[in-house]
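K.L.:
Pasting in a structure now, in structure tokens, and then I'll have a few things to ask.
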């Protein structure tokens, strides 16, 4: 166990942190926004909407992320129609392919988490909204969604951690984020354990930060659960 | 583009190799899940036992495994595992080569990941079971061991089933990452086939379909198991 | 419940430690590098090195067992004892010699850039040189490299990771081109076709094999054929430093096969030309 190697590797791998963070932030933000209409569709009473989102989630959750990434990057790249269309602007770049795969994946999971949150809003609250004459739009915006988000915080925190871990798979489509750099070090030094320990500790730290952030959000948005002195 | 002729069985197509690799995926997932549950029993015990040191170890284990990308865990165990086992064996005086084949390495890597998730499931299930039952069993004179085996464990298992179903799906999908060990499961076989035939679309779709079939059947089986274990519940 | 757990544990452990048989030599190879070593649709390994390895084992009087391993981890797995020797188109380089010992070279092939026809980069002649040997590189070779760099400035070049080709790009073309790394050679071919790569750098044999497929018909060579220097000196088998006995056995077999011409026959069959050393 060469500790000096781990120390040196640390800084090399740290230079990939910006790629990892770019992937995480962009995919999570897009995923969050897109998941809201999906969750509403899933929770709605229109069978068609609810069923289509159900099947979408079913397929995405039933296949490994790695297969989805390869399918989008290599699979779509062999279709001439795709290569000659305007889609190619996005799909040519491995970074955007990675973001696309991550967003598709996270929307499926997040939509389910939000659906759970939406459906947990008690009937009483909805009835009081209606009795106050609120339009559906205001009811969703002011009451249901905020409640749903608060309920979904622990589950969504988990999803954020999963996203950070999923970015390591993007290294398999030529993006040099932390795992890719760690593998590169392994090729040069034939010291895989040192390289991956260094990378692993950075990921661990990132996830620690996320856990603390979620704990803070839970504390902030649950004032009614704080102990009253 | 989509080459269906490559999927036929026999010597000119990859159909039979894909089928064999699906069986390999199922086998390694079963082994990993089994190993995971086995290890999880001990780590759950460590967490709920109240022994401070055990609890620290168990928490460290689950935090690290769930906080590091699965790919890194598998790499670490694959590259570090054989070296450490041989190091340990050298201490005991055995100087030959211990070959850990790809199946074992795959099982251990995915199994340890599976164990971390199963631990959390068991811990949650344990907290649902009414403590009063343990006290009642104790007052009836049942030993701690028998209380666990006859009273607590069946109920913990029942409440853990949904969570375990989730862990099984995660385990099944994580086996796609062990291609670095050289084990030929669905992902590796489809990559090999796609490399040879220069047709990634065909084989990525086949791989996705195979995984989807496996997860669909698994969820059906788990649903049946849940229904069976909930058969005596009083419906409100 | 107990029986269930015990059965599962038994399943997990049934294939645990198997002690390597001294009479069998396990050969590690990639299996994704035609025509050197490749897996065919029947699921079997085939290729020039497979034939070479089997023939050598016959002459050494031992059983040979082939193990496939992704190129990523091929040397670490050797060092971990997963197999005894690597026969996978691995070039003999000083860098690798620090970790493993090599047999004498048994085949040698140059490296060359390949591009898509019609990209404007094909069939470049650089400094009037067909072959560039980087051993004892003098002014002529440096000029060739410089000219190539100028022609390829700001292009994207794709290579397989952990190869001499990656080393060449990092040593001689750093900052000039954008380097992308892939898990296998076929991935670079796919992305060349898709237009994500302007050029790929791989060995001549493997690119010719790709060009003979119907999807690869649009690929053309460009620039000189490189050898020597950072590209190493031929392809050899890699063994652990302490396995001197295995090394000697293989060197004897290689010398024998070179002397009686069987090695050149094998390479002619798979590569269409004689690339034995």
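Residue numbers (the numbering used here), protein chains in the order written: chain A, 37 to 265; chain B, 2 to 237; chain C, 5 to 281.
No residue lacks a Cβ here, since even glycine has one placed at the ideal position from N, Cα and C.
Do you know whose CA, among A:89, A:77, A:141, lies nearest residue 108 (chain A)'s CA?
P.N.:
The candidate whose alpha carbon is nearest that of residue 108 (chain A) is A:141.
K.L.:
Return yes when the Cβ of residue 168 (chain C) is within less than 8 Å of the Cβ of residue 234 (chain C), no when it is not.
P.N.:
Yes; because the gap between Cβ atoms is below 8 Å, this pair is in contact.
K.L.:
Show which residues of chain B have a CB atom less than 7 Å away from the CB atom of residue 3 (chain C).
P.N.:
This structure leaves residue 3 (chain C) out entirely; chain C is present only between 5 and 281.
K.L.:
Below 8 Å between beta carbons is the criterion; list the residues of the region 109-120 of chain A that meet it against any residue of chain C, in chain order.
P.N.:
Under the 8 Å Cβ criterion, the region 109-120 of chain A contributes 110, 113, 114, 119.
K.L.:
Let me make sure I understand the geometry here. Which of B:17, B:201, B:159 has the alpha-carbon closest to that of residue 1 (chain B)?
P.N.:
Because chain B spans 2 through 237 in this model, residue 1 (chain B) falls outside it and cannot be assessed.
K.L.:
Relative to chain A, which residues along the region 53-66 of chain B have a C-beta separation below 7 Å, given in chain order?
P.N.:
For the region 53-66 of chain B, which is checked against every Cβ of chain A, the residues closer than 7 Å are 65.
K.L.:
Using DSSP's beta-bridge definition, name the partner residues of residue 184 (chain C).
P.N.:
According to DSSP, residue 184 (chain C) bridges with C:162.
K.L.:
Run through chain A and tell me which residues come within less than 7 Å of residue 212 (chain B), C-beta to C-beta.
P.N.:
Here the neighbours are 98, 99, 100, 103.
K.L.:
To the nearest angstrom, how far is it from the Cα of residue 263 (chain C) to the Cα of residue 281 (chain C)?
P.N.:
Whole-angstrom Cα-Cα distance: 10 Å.
K.L.:
Assuming residue 78 (chain A) and residue 147 (chain A) form a contact by the criterion Cβ under 8 Å, report the distance between their Cβ atoms to the nearest whole angstrom.
P.N.:
Correct: roughly 6 Å between the Cβ atoms.
K.L.:
Using beta carbons (cut-off 8 Å, strictly below), is residue 233 (chain B) in contact with chain C?
P.N.:
False, the Cβ-Cβ gap to chain C never drops below 8 Å.
K.L.:
Where does residue 214 (chain C) sit, in a helix, a strand or coil, going by DSSP?
P.N.:
Residue state, collapsed to three classes: helix.
K.L.:
Give me whichever residues DSSP pairs with residue 32 (chain C) in a beta bridge.
P.N.:
Partner(s): C:71, C:90.
K.L.:
Give every residue of the same chain whose Cβ lies closer than 8 Å to the Cβ of residue 136 (chain A), excluding the five residues on either side of it in the sequence, and list them in chain order.
P.N.:
If we look at residue 136 (chain A) and ignore the five residues flanking it on each side, its Cβ neighbours are 108, 126, 127.
K.L.:
How would you list, in chain order, the residues of chain C whose beta-carbon sits under 7 Å from the beta-carbon of residue 208 (chain A)?
P.N.:
Ordered by position in chain C, the residues that pass the 7 Å Cβ test against residue 208 (chain A) are 187.
K.L.:
Straight-line CA distance for residue 1 (chain B) to residue 105 (chain A)?
P.N.:
Limits of chain B in this structure are 2 at one end and 237 at the other, which puts residue 1 (chain B) out of reach.
K.L.:
Report the rounded CA-to-CA distance for residue 25 (chain C) versus residue 247 (chain C), giving the unit in angstroms.
P.N.:
In this prediction, residue 25 (chain C) scores a pLDDT of 45, lower than 50, which makes its location untrustworthy; no coordinate-derived value is stated.
K.L.:
On the CB-based measure, 16 or more other CB atoms within 10 Å of its CB, does residue 241 (chain C) come out buried or exposed?
P.N.:
Residue 241 (chain C) is buried by the Cβ-count criterion.
K.L.:
At 9 Å on the CB atoms, spell out the chain B contacts of residue 75 (chain A), in chain order.
P.N.:
Here the premise fails: no neighbours, minimum Cβ distance about 19 Å.
K.L.:
At least one CB of chain C closer than 8 Å to the CB of residue 13 (chain B): is that the case?
P.N.:
Closer than 8 Å: yes.
K.L.:
Name, please, each residue of chain B whose Cβ falls closer than 7 Å to the Cβ of residue 73 (chain C).
P.N.:
What residue 73 (chain C) touches in chain B: 183.
K.L.:
Is residue 123 (chain C) close to chain A, meaning its C-beta is less than 8 Å from at least one C-beta of that chain?
P.N.:
Not one chain A Cβ lies under 8 Å of residue 123 (chain C).
K.L.:
Looking at the strands, I want to know which residues DSSP matches up with residue 137 (chain C).
P.N.:
Answer by DSSP bridge pairing, in chain order: C:231.
K.L.:
If you count every other CB in all the chains shown that lies within 10 Å of the CB of residue 219 (chain A), and 16 or more means buried, which is it?
P.N.:
The residue in question, residue 219 (chain A), is buried, as its Cβ has 16 or more Cβ neighbours within 10 Å.
K.L.:
Can you tell me whether residue 161 (chain B) is buried or exposed, with buried defined as 16 or more other CB within 10 angstroms of its CB?
P.N.:
Buried.
K.L.:
Using the Cα positions of residue 164 (chain A) and residue 154 (chain A), report the straight-line distance between them to the nearest angstrom.
P.N.:
Rounded to whole angstroms, residue 164 (chain A) to residue 154 (chain A) spans 16 Å at the Cα level.
K.L.:
Which one or two residues does DSSP pair with residue 204 (chain C) in a beta bridge?
P.N.:
DSSP lists C:118, C:162 as partners of residue 204 (chain C).
K.L.:
For residue 65 (chain B), tell me which candidate among B:115, B:34, B:46, B:30 has the shortest Cα-Cα distance.
P.N.:
Closest by alpha carbon: B:115.
K.L.:
Strictly below 7 Å CB to CB, what residues from chain A border residue 208 (chain B)?
P.N.:
Those are 103, listed as they occur along chain A.
K.L.:
To the nearest angstrom, how far is it from the Cα of residue 86 (chain A) to the Cα of residue 156 (chain A)?
P.N.:
Spanning the two alpha carbons is a distance of roughly 17 Å.
K.L.:
Pick out whichever of B:188, B:232, B:198, B:229 has its Cα sitting closest to the Cα of residue 211 (chain B).
P.N.:
Looking at the Cα atoms, B:188 is the closest of the given residues.
K.L.:
Let me confirm a value: residue 39 (chain A) is counted as buried when at least 16 other C-beta atoms fall within 10 Å, else exposed. Which label applies?
P.N.:
Residue 39 (chain A) is exposed by the Cβ-count criterion.
K.L.:
So, at 8 Å on beta carbons, what are the nonlocal neighbours of residue 39 (chain C) in its own chain, with the 5 sequence-adjacent residues on each side left out?
P.N.:
If we look at residue 39 (chain C) and ignore the five residues flanking it on each side, its Cβ neighbours are 51, 52, 209, 210, 213, 274, 275.
K.L.:
Establish whether the CB of residue 25 (chain C) and some CB of chain A are separated by less than 8 Å.
P.N.:
The pLDDT assigned to residue 25 (chain C) is 45, lower than 50, so where the model puts this residue is not dependable; a value taken from the coordinates is nonetheless given after this. Not an interface residue.
K.L.:
Contact between the region 86-102 of chain C and the region 28-36 of chain C: three or more CB pairs below 8 Å?
P.N.:
These segments touch.
K.L.:
Answer with yes or no whether the minimum CB distance from residue 228 (chain A) to chain B is below 8 Å.
P.N.:
At least one chain B Cβ lies under 8 Å of residue 228 (chain A).
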